[in-house]
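Q: Quick one: the structure is below, questions incoming.
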Amino acid sequence: MTDMDLEQIIARVNSLVKDLEPYREMLLANVVMIGEIPAPTFGEQERISFLKQRFTECGLHNCSTDELGNGLGVLPGSEGTQTILLAAHADTPFAASEDHAYTINADRISGSGVADNSLSLAVLATLPTILEGLDIRFRNDLLFMGASRSLEQGNQQGLRFLLANSNRPLAAGVSIEGVPLGRLRYRSMASLGGMIACNVNRRVSQKSAIEVLNQIIYQIGCIPLLEESHAGLVLGSVAGGASFKIPARNARLKFQLRSDSDQTLMESKEKVENLLDEVGKEKGVSAHLEVIASTMAGGLDSSHPLVLLTRRVMTTLDLQPRGSIYSATFSPYAEKDIPAVCIGITNGDNVNYPDEYIEIEPILTGVAQLIGILLAIDGGHCVEY
Amino acid sequence: MLNINNWLQANTFHYSQFWDLLRLIKEKEKRGLSISLCIPTLNEEKTIGKEVVLFKSELQDRYPLLDEIAVVESGSTDRTREIAASFGADVYNSADILPDFGFKRGKGENLWKAIYQLQGDIIVYVDADIKNIHPRFVYGLVAPLIHRPEIKYVKAFYDRPLALSNEIRPTGGGRVTEILVRPLFSLFFPELTAIIQPLSGEYAVRREILDRIPFPVGYGVETSHLIDVYSEYGLEAFAQTDLDQRVHRHQETRDLGKMSFGIMRAFFKRLKARGIVTDLPELTSNLRQFQAQENRYEQVIHEIFEEERPPMIEIAAYRKKFGLDQ
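If you read the protein sequences in the order shown, they are chains D and S. Going by the numbering used here, 216 is the number at position 206 of the first sequence; the sequence numbering is gapless. Going by the numbering used here, 538 is the number at position 200 of the second sequence; the sequence numbering is gapless.
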């Protein structure tokens, strides 16, 4: 494809939102049918099975589930020399026992996991039908992937497995998330998601494990490396104890350390471990670090052609790239040196809470954006010379 | 007397038996059938959007099983009409259908008027308050009618347990079914006890049956349907499909009292009409319930009319619309 072809793609993107209107109900129905199947991390099988059934109904080739439970299907291109990966994680932070019923009103869909990540899976399930209906064809193969084991302890095992074991030459990857529209992420930070577990041996000490944990939290915050601007600490969740009248015997903290330098992160981790060793010297007190998930720093520069073309498509649709350029989703691509971007489909809020919702109206713009990016990649416009 | 066991074997289905929608559609086309979905509504803005989106997408756009999706409205004051229409349903105001016959408030009124308004050879009724709505609520009910011409009326029931052992387990319907309707059926229409959830609001029926039975406009519509169709065609005309689970609003016991009252009025009317009970007194339309305030008790009187619409086939406008006089 030539530069002129890119202009043609941009012109096509402009008319796409209207062309997508007949597919709105199909997309919304897929959001509901996928989202109402619970899919906690490591328990995504039923949801993936439904997605695979959708892939089959759409006529994708090689519809299958791999060893890690990823749901896969291929839309063959006219040449098929390379493959573009289109991925969305299938798991949610909601337990299977929680209410997964969705509500649709005139302008939004509400329900557990609707933004993260039922909408993206619904886009995967509907896109083959849309592409066929709009007669949009690709030279390269499109590999559709509902990724298993992504969140928290999943540590992106599904995507990592595919990237490590696929024998297809991958030209690029596009990861989609439900929200927000305007998301453009193309780098990953070095990160470490961990759990610190504090225990107090009641036969030896009457100290509360919560008190111990509190000291640890304070001291982690004082680690000099984490005070630098490019590093950070997220205190995610705490739990501990059994009753208000008994000193807690155990307590735990889930946290994340981030840095744009693998070296900085490594040094910070060592300092946390040293700190825990010091805490453990107190009689009857122990504290341990368990690494839940980790990512490495890397990704694309802001001048990479894939980033530029994604910005161009977004601008065409009056979308302003917003938010951070970093996403943990990106790490598996960075590890394999595969150019990729992560984008959002619509706007929404309360992500990962039971009152999570997405707005309906912007969805078609989000899908038009995705198609535009795929066409541009397919045209060879993301190659860095 | 009882052929219940045979009937249970032959005419009780699970929706998963009909998973092959392409086959179902081919069979529907082969038999030249058209199917209309009727969703009766009154202030259902929380659930109607999802129902319309799912049925339209899955059973019209993806698999063209439904020829028509209609919401028949009783005068909602919320956004039910707007939401249903925005997702592609045909929305009708019950009062605007057969206006010469006036408007009576009640679900049965909407179901009756739908027979005139909708076009299908089969009409499938699905309540609007189902939280876990799924395409099975429609295809599970119409499939027996498509595959088996002798079946005329298919009721839903909801029964799949989460775990099965070899032990016998009880099965059945809700509170009103088990403490009112099934005991009444046991006494007067024993074969009808085989219908596991006689009060379920989801059923699919052939037009030539629907237009020949009267419609109580209120609570008694489902019970009276069963008695009327049974009396004319026998148990063989019925089938029932297990749709797994139905999540819906929980009803207070006092509301169930009103429902039971309406059902009993419709029931006794039929006993009398069939000469099963001959010297019933004139039945009151007043249900009396009681409430306490501090140390005082007072009665609350609910006036519950159980009016009935005549069989649609007796309505001249209907006969004209569907060319039945030619």
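Where is the CB? At the ideal position from N, CA and C, for every residue including glycine.
Is it right to say Thr561(S) is buried, meaning 16 or more other beta carbons lie within 10 angstroms of its own, or is it exposed?
A: Your numbering for residue 561(S) matches position 223 in the second sequence. Buried, since its Cβ has 16 or more Cβ neighbours within 10 Å.
Q: Give the DSSP bridge partners of Ala297(D), in chain order.
A: Against the first sequence, residue 297(D) aligns to sequence position 287. Ala297(D) pairs with Cys208(D).
Q: Asp566(S) to Gln629(S), Cα distance in whole Å?
A: Counting from one through the second sequence, the residue named residue 566(S) turns up at place 228. Counting from one through the second sequence, the residue named residue 629(S) turns up at place 291. Cα-Cα distance, rounded: 37 Å.
Q: What did DSSP end up calling Pro364(D) once you bin it into helix, strand or coil?
A: Taking the first residue of the first sequence as 1, we reach residue 364(D) at position 354. DSSP places Pro364(D) outside both helix and strand once states are collapsed to three, so it counts as coil.
Q: State the DSSP-derived secondary structure class of Asp580(S), mapped to helix, strand or coil.
A: Taking the second sequence and counting its residues from 1, one reaches residue 580(S) at position 242. In this structure, Asp580(S) counts as strand in the three-state DSSP scheme.
Q: Counting only the same chain and skipping the five closest in sequence on each side, list residues whose C-beta sits under 6 Å from that of Lys281(D).
A: Indexing the first sequence from 1 puts residue 281(D) at position 271. Counting only Cβ-Cβ distances below 6 Å, and skipping sequence neighbours, we find Ile233.
Q: Please go through the segment 221-305 of chain D and give each complete beta strand (DSSP E) segment of 3 or more residues, from N-terminal end onward.
A: 241-250, 260-269, 295-305
Q: Helix, strand or coil for Pro482(S) per DSSP?
A: Taking the second sequence and counting its residues from 1, one reaches residue 482(S) at position 144. Helix.
Q: Mind the definition here: the segment 118-137 of chain D touches the segment 50-63 of chain D only if three or more C-beta pairs lie below 8 Å; say whether that holds.
A: Because the criterion of three Cβ pairs below 8 Å is met, the segment 118-137 of chain D and the segment 50-63 of chain D touch.
Q: Quickly, what does DSSP pair Phe351(S) with across the bridge? List them, please.
A: For this step, residue 351(S) is matched to residue 13 along the second sequence. Note: Phe351(S) sits in a beta bridge opposite Thr579(S).
Q: How big is the Cα-Cα spacing for Glu645(S) and Thr622(S)?
A: Along the second sequence, one-based indexing puts residue 645(S) at 307. Along the second sequence, one-based indexing puts residue 622(S) at 284. Whole-angstrom Cα-Cα distance: 13 Å.
Q: May I ask you to report which of helix, strand or coil DSSP gives Gly387(S)?
A: For this step, residue 387(S) is matched to residue 49 along the second sequence. Residue state, collapsed to three classes: helix.
Q: Between Phe356(S), Pro649(S), Arg417(S), Ser424(S), which lies nearest to Ile407(S) when the distance is taken from Cα to Cα?
A: As a position in the second sequence, residue 407(S) is number 69, starting the count at 1. Among Phe356(S), Pro649(S), Arg417(S), Ser424(S), the Cα nearest to that of Ile407(S) is on Ser424(S).
Q: Taking 8 Å as the CB-CB limit, is Arg666(S) close to chain D?
A: In this structure chain S extends from 339 to 664, so residue 666(S) is not present and cannot be described.
Q: With 8 Å as the limit, tell me which residues of the segment 108-126 of chain D have their beta carbon closer than that to any beta carbon of chain S; keep them in chain order.
A: Ala111, Tyr112, Thr113, Ile114, Asn115, Ala116
Q: For the alpha helix (DSSP H) containing His563(S), name the first residue and the last one.
A: The residue given as residue 563(S) occupies position 225 in the second sequence. 559-571 is the span of the alpha helix (DSSP H), which, as asked, contains His563(S).
Q: Have a look at Leu537(S), Lys610(S), Leu479(S), Lys659(S) and flag the residue whose alpha-carbon is nearest the alpha-carbon of Leu581(S).
A: Taking the second sequence and counting its residues from 1, the one referred to as residue 581(S) is at position 243. Per the Cα distances, Leu479(S).
Q: Cutting at 8 Å between CB atoms, please list the residues of its own chain near Ser414(S), excluding the five before and the five after it.
A: Within the second sequence, numbered from 1, the residue matching residue 414(S) stands at position 76. Around Ser414(S): Thr379, Leu380, Asn381, Glu382, Glu383.
Q: From which residue to which residue does the alpha helix (DSSP H) around Lys346(D) run?
A: Residue mapping note: residue 346(D) aligns to position 336 of the first sequence, counting from 1. It is not in any alpha helix (DSSP H) - Lys346(D) carries neither H nor E in the DSSP assignment.
Q: Residues of chain S with a CB under 7 Å from the CB of Ala39(D): which are they?
A: The count along the first sequence starts at 1 and reaches residue 39(D) at position 29. Within chain S, the residues near Ala39(D) are Val391, Leu392, Ser395, Glu396.
Q: At the 8 Å Cβ level, is Glu369(D) part of the contact set with chain S, yes or no?
A: For the purposes of this step, residue 369(D) is taken as residue 359 along the first sequence, with counting starting at 1. It does not: the Cβ of Glu369(D) has no partner Cβ on chain S nearer than 8 Å.
Q: Would you report the Cα separation of Arg417(S) and Arg118(D), rounded to the nearest angstrom?
A: What you label residue 417(S) is simply residue 79 of the second sequence in a count that begins at 1. What you label residue 118(D) is simply residue 108 of the first sequence in a count that begins at 1. Here the alpha carbon of Arg417(S) sits roughly 14 Å from the alpha carbon of Arg118(D).
Q: I want to verify the contact list: residues of chain S whose CB lies under 7 Å from the CB of Glu35(D), in sequence order.
A: The residue labelled residue 35(D) in the question sits at position 25 within the first sequence. By Cβ distance, chain S contributes Val391, Lys394, Ser395, Asp399, Phe425, Gly426.
Q: Whole angstroms is fine: what's the gap from Leu144(D)'s alpha carbon to Val27(D)'s?
A: Working through the first sequence from its first residue, we reach residue 144(D) at position 134. Working through the first sequence from its first residue, we reach residue 27(D) at position 17. Approximately 12 Å between the Cα atoms of the pair.
Q: Where does Lys368(S) land, buried or exposed, given buried means 16+ other C-beta within 10 angstroms?
A: Working through the second sequence from its first residue, we reach residue 368(S) at position 30. Flag for Lys368(S) reads exposed.
Q: Give every residue of the same chain whose Cβ lies closer than 7 Å to the Cβ of Leu362(S), excluding the five residues on either side of it in the sequence, and list them in chain order.
A: As a first step, residue 362(S) is located in the second sequence; it is residue number 24 there, counting from the start. The residues are Phe356, Leu403, Tyr477, Ala481, Ile484.
Q: Taking C-beta pairs closer than 9 Å, name the residues in chain S that Val377(D) reaches, listed in chain order.
A: The count along the first sequence starts at 1 and reaches residue 377(D) at position 367. Taking a Cβ-Cβ threshold of 9 Å, none of the residues of chain S is close to Val377(D); the smallest such distance is about 15 Å.
Q: Can you find a C-beta in chain D that's less than 8 Å from the C-beta of Glu383(S)?
A: Translated into positions along the second sequence, residue 383(S) becomes position 45. It does; some Cβ of chain D falls within 8 Å.
Q: Just to confirm, is the Cβ distance from Pro648(S) to Ala604(S) under 8 Å?
A: Translated into positions along the second sequence, residue 648(S) becomes position 310. Translated into positions along the second sequence, residue 604(S) becomes position 266. No, Cβ-Cβ distance for Pro648(S) and Ala604(S) is not below 8 Å.
Q: Taking just the CA atoms, how far does Ile460(S) sit from Lys445(S)?
A: Position 107 of the second sequence, counting from 1, holds the residue named residue 445(S). Position 122 of the second sequence, counting from 1, holds the residue named residue 460(S). Roughly 19 Å between the two C-alpha positions.
Q: Within 8 Å of any Cβ in chain D, is that where the Cβ of Ile377(S) sits?
A: By 1-based counting over the second sequence, the position of residue 377(S) is 39. Not an interface residue.
Q: For Val543(S) versus Tyr491(S), is the C-beta spacing smaller than 8 Å?
A: What you label residue 543(S) is simply residue 205 of the second sequence in a count that begins at 1. What you label residue 491(S) is simply residue 153 of the second sequence in a count that begins at 1. Cβ atoms of Val543(S) and Tyr491(S): closer than 8 Å.
Q: Against chain D, which members of the segment 468-500 of chain S pass a CB distance test of less than 9 Å?
A: Lys469, Asn470, Ile471, His472, Pro473
Q: When we look at the beta-carbon of Leu37(D) and count the other beta-carbons within 10 Å, is it buried (16 or more) or exposed?
A: Locating residue 37(D) in the first sequence gives position 27, where the first residue counts as 1. Buried: at least 16 other Cβ atoms inside 10 Å.
Q: Give a yes or no on whether the minimum CB-CB distance between Val42(D) and chain S is below 8 Å.
A: Reading the first sequence from its first residue, position 32 is the one you call residue 42(D). Answer yes: the Cβ-Cβ gap between Val42(D) and chain S drops below 8 Å somewhere.
Q: At what residue ranges does the segment 366-422 of chain S contain a whole run of the beta strand (DSSP E), taking only runs of 3 or more?
A: Counting only unbroken stretches of 3 or more residues, the beta strand (DSSP E) elements lying wholly within the segment 366-422 of chain S are 373-379, 406-411, in sequence order.
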